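Read in order, the letters of the sequence shown correspond to residues 1 to 516 in the UniProt record's numbering.
Following: one structure in structure tokens, then a few remarks.
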Amino acid sequence: MVPPMLALWSWIVVTVILFRALRPAQALVCCLLGAYLFLPVKASFDLPLLPTLNKHSLPVIVAAVMTAIVAARVAARPWSTAAQGTGLILPGWTPGHPLMRALFIVAVLSVGLSALVNNDTLVYGPTVRRGLGPYDAGSMVLAMAVALLPFLLGRRMLADEAGRRVLLWGLCLFASVYAGLALFEVRMSPQLNMMVYGFRPSAWIQHLRGNGYRPMVFLEHGLRLGIFLTMATLVACGLSRIDRRRRSVCLLAGAWLFGTLVLSKNLGALAIGLLLVPVALFLSTRLQIVIAAALAGTVLFYPLLRSADLIPTDQVVGLFEKFSGEDRAGSLKYRLVNEDILLEKAMQRPVLGWSSFARNRVFDPETGRDLSVTDGVWVVVIGESGLIGYMGKFGLLTVPILLLARRPRQVEASTAVLALVLVANLSDMIPNSSLTPITWLIAGALAGRLEPAAALARATAETVADPPAKGQKPRGRGRTSSGEDSDIPGDSPPQPAMRTTPYTRQTTLHSRSRRG
């Protein structure tokens, strides 16, 4: 067996090796996907004030440090061969789009503001929930900033077409390998985590389904494996239309992943897959982004629709009873009842919520017993951070898709596929807690697609600079090292570089032969 803490800290070395051996976009995708899929769940290291270092936070922090090093190297020597091969790196760490920047600030600061206003002590019989203060607020702001690092890295490193394709192929390849491990657990029971790391991430009984098992491999729960397989199936179907040369390979990968999804006994994830796989396979890019935007808008305004009883919950429960049996329908109904209880508690403090430390949960006023079960991400966020925190956090996840759908004819196929993958994950976040670093990475890549052309031009302008002569400062094409000595207006477009090769008779003959 591998000690969990050894595996966690070893990922620092793995990340450094990846960034030295691969291009930055490839290293980032491999680092985050590998950590999410293979590192142990319960391995963590707590420091005062700072966020907990675990499989979700430590790899992201190390990847951010390596990204900063790569970006600084490119900025210092943009003419070098290494810089030319790094691909597009957007400038700055915060989103360039004004609306996305505002949502990012709201998402980070709302958790701190919620802690500051929840300074009262809650007493439920013998159960006491202490009031929060500035220390808690600062710790929560740091934790939220670290949680959003994958979003920032995706926006900075995966904003162009090449970066998005790296992300798509990474999801497809990693999931294809992971499906083999999942099929092992379908046959032999969920025991890989016990065999490798020596513990079970969740209760054994939760993964007994009928006469078989629901696999989870190294993830927190089998439900997270199910939605990951659904997302990967959509990616494989989308790649079959993007990469015509590998169409048959992508279709085989899609069939392999979808078959694994069926055998994994995840009814909710399978339903999402059955809904969106035909969209990825048969509809145009324009319709794909429009459908993705419609689903994203539904998720964004789900609390309002739920409060107004505009979500047909009874019909959904009836469908589950018809196709999956009373036990699954009973589980769904129990979750919906808990949503109502938690939403009613959240609406008592609708602006900034109740903050964390289980203050958003419902307790019996006499016995202090916890009466609620928190599953859906949306109800947890709105209970802890209120409507402000919900709009900030879910706005980062959904608004990029909504903005891209304003001009559907300009959306690339890779962007539309990523949007479908993201809304599949968002749909699963209504009943389940499936918000992961991979979710934020995909959302960041879509947010980077929103960056204006001017920002992209600024990011690539330095990469076409001529290498400086020895002892001179670097200069761009058609520019002198000092603007005062140049007769070219400062706002004019870059001029062609002057000839740097010596003028010889052979040069003239070569030029004439090319013209002739």
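No residue lacks a Cβ here, since even glycine has one placed at the ideal position from N, Cα and C.
All figures in this text were calculated on a predicted structure; none of them were measured in a lab.
Residues near residue i in its chain [Cβ-Cβ closer than 7 Å; skip 5 each side]
{"i": "P437", "result": "L32, Y36, H56, V60, P150"}
{"i": "A175", "result": "F228, L229, A232, L257"}
{"i": "N118", "result": "G131, L132, W354, S355, R359"}
{"i": "L267", "result": "S324, R328"}
For residue i, the nearest candidate out of the options (CA to CA)
{"i": "V13", "options": "T121, T230, L168, A63", "result": "A63"}
{"i": "L158", "options": "Q26, A7, P350, S356", "result": "Q26"}
{"i": "L8", "options": "A43, Q191, G138", "result": "A43"}
{"i": "G389", "options": "W93, P190, V141, Y178", "result": "V141"}
{"i": "G444", "options": "T230, G318, L148", "result": "L148"}
{"i": "T374", "options": "E384, T260, V249", "result": "E384"}
{"i": "I205", "options": "Y197, G198, P215, V196", "result": "P215"}
{"i": "N432", "options": "V279, L223, W440", "result": "L223"}
{"i": "V399", "options": "T298, V337, D309, L387", "result": "T298"}
{"i": "G273", "options": "G226, A253, A296", "result": "G226"}
{"i": "F394", "options": "M100, A179, D243", "result": "M100"}
{"i": "G133", "options": "W440, V111, A145", "result": "V111"}
{"i": "V249", "options": "C172, N193, L305, G318", "result": "C172"}
{"i": "L441", "options": "D314, C30, S356", "result": "C30"}
{"i": "P51", "options": "V217, Y135, R23", "result": "Y135"}
{"i": "L47", "options": "M391, A179, Q315, A143", "result": "A143"}
{"i": "L181", "options": "P201, A162, V217", "result": "V217"}
{"i": "L276", "options": "L263, L295, G259", "result": "L295"}
{"i": "L263", "options": "G198, L192, A179", "result": "A179"}
{"i": "N315", "options": "L270, M195, S307, L332", "result": "The residue asked about is misnamed: residue 315 is Gln in this sequence, not Asn. Nearest C-alpha to Q315: L332."}
{"i": "V351", "options": "E412, S114, K322, L270", "result": "S114"}
Per-residue burial, residue i [other beta carbons within 10 Å of its own, 16 or more giving buried]
{"i": "W378", "result": "buried"}
{"i": "E344", "result": "exposed"}
{"i": "R130", "result": "exposed"}
{"i": "Y302", "result": "buried"}
{"i": "I17", "result": "exposed"}
{"i": "Y213", "result": "buried"}
{"i": "L397", "result": "buried"}
{"i": "A292", "result": "buried"}
{"i": "E366", "result": "exposed"}
{"i": "M1", "result": "exposed"}
{"i": "D160", "result": "buried"}
{"i": "I89", "result": "buried"}
{"i": "K265", "result": "buried"}
{"i": "T15", "result": "buried"}
Enclosing beta strand (DSSP E) for residue i [first to last residue]
{"i": "L122", "result": "122 to 124"}
Delimiting residues of the alpha helix (DSSP H) encompassing residue i
{"i": "T313", "result": "313 to 324"}
{"i": "T127", "result": "Here T127 belongs to no alpha helix (DSSP H); instead the beta strand (DSSP E) covers 127 to 129."}
{"i": "W93", "result": "No alpha helix (DSSP H) contains W93, which DSSP labels as neither H nor E."}
{"i": "residue 520", "result": "This structure leaves residue 520 out entirely; the chain is present only between 1 and 516."}
{"i": "G268", "result": "267 to 282"}
{"i": "V74", "result": "58 to 76"}
{"i": "F218", "result": "That residue, F218, is in no alpha helix (DSSP H); it is neither H nor E in DSSP."}
{"i": "I430", "result": "From DSSP, I430 is part of no alpha helix (DSSP H); its letter is neither H nor E."}
{"i": "E412", "result": "Unbroken run through E412: none, as it is neither H nor E."}
{"i": "E185", "result": "161 to 188"}
{"i": "V249", "result": "247 to 263"}
Neighbourhood of residue i by C-beta distance below 6 Å, restricted to the same chain and skipping five residues each side
{"i": "M5", "result": "A43"}
{"i": "F45", "result": "L53"}
{"i": "R335", "result": "D375, P431"}
{"i": "I401", "result": "A292, A293, A296, A419"}
{"i": "V423", "result": "A292, L295, A296"}
Cβ neighbours of residue i in the same chain (closer than 8 Å, five flanking residues each side left out)
{"i": "A358", "result": "R129, D370"}
{"i": "A346", "result": "G353, W354, N360, V379, I382, G383, G386"}
{"i": "S434", "result": "L223, R224, I227, V377, N425, D428"}
{"i": "I311", "result": "Y302, L305"}
Is the region 407 to 415 touching the region 284 to 291 in the sense that three or more CB pairs, one from each, lie closer than 8 Å?
yes
Stretch pair the region 341 to 360 + the region 99 to 109: three plus CB contacts closer than 8 Å:
Remark: fewer than three beta-carbon pairs, one from each stretch, lie closer than 8 Å, so the region 341 to 360 and the region 99 to 109 are not flagged as touching.
At a cut of 8 Å, does the region 183 to 192 reach the region 120 to 139 through at least three beta carbon pairs?
no
Sufficient close CB pairs (3 or more, under 8 Å) joining the region 413 to 429 to the region 235 to 243
yes
Three Cβ pairs or more, each shorter than 8 Å: is that satisfied between the region 165 to 174 and the region 238 to 247?
Contact holds: three or more Cβ-Cβ distances are below 8 Å.
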